[in-house]
């Protein structure tokens, strides 16, 4: 059971993890699939040292875990619940962007769902 103090600590760790653009890019990549430092460096056009430093920070925050695989180490989000929460956060962030519509067709929030308002007040369907 999380106490108020541990909830605050968890929020602070998440905030620290996501406050850096490079760490956010790494987290987004790991939300897609587990990966390796060399692959992340290549895909994100970063140095392996830079990726390793950020992975260390994310591990220290408890956001990701390292799984040894022979001579390599695979990194992934620490918990499936955290993966779901981070994906939901990304979806919500996109939904409040003026250029995006809500991704949840069952959303009961005004302005969301299968119809969204354009800047001119016209309703448009998500399906196009």
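In the working numbering, the protein residues as written are 2 to 129.
Every residue gets a Cβ at the ideal spot worked out from N, C-alpha and C, and that includes glycine.
Check                                                                                                                                                                                    : Outcome
So, is residue 36 buried or exposed, given that buried needs 16 or more other C-beta atoms within 10 angstroms?                                                                          : buried
Might you give, ordered along the chain, the residues of its own chain that have their beta carbon closer than 8 Å to the beta carbon of residue 38, omitting 5 neighbours on each side? : 49, 52, 53, 56, 74 and 76
Can you round the beta-carbon distance between residue 30 and residue 45 to whole angstroms, since I take them to be within the 8 Å contact cut?                                         : 7 Å
Mind checking residue 87: buried by the 16 CB within 10 Å criterion, or exposed?                                                                                                         : buried
How should residue 119 be labelled, buried or exposed, when 16 other C-beta atoms within 10 angstroms of its C-beta is the threshold for buried?                                         : Because residue 119 sits at a pLDDT of 44, beneath the cut-off of 50, its placement in the model cannot be relied upon, and the following sentence gives the value as read from the coordinates. The residue is exposed, with fewer than 16 neighbouring Cβ atoms inside 10 Å.
Does the beta-carbon of residue 24 have 16 or more other beta-carbons within 10 angstroms, so that it is buried, or is it exposed?                                                       : buried
Work out the CA separation of residue 68 and residue 9 for me, nearest whole Å.                                                                                                          : 27 Å
Helix, strand or coil: how does DSSP classify residue 73 here?                                                                                                                           : strand
Rounded to the nearest angstrom, what separates residue 6 and residue 12 at their Cα positions?                                                                                          : 10 Å
Run through DSSP, which three-state label would residue 67 get?                                                                                                                          : strand
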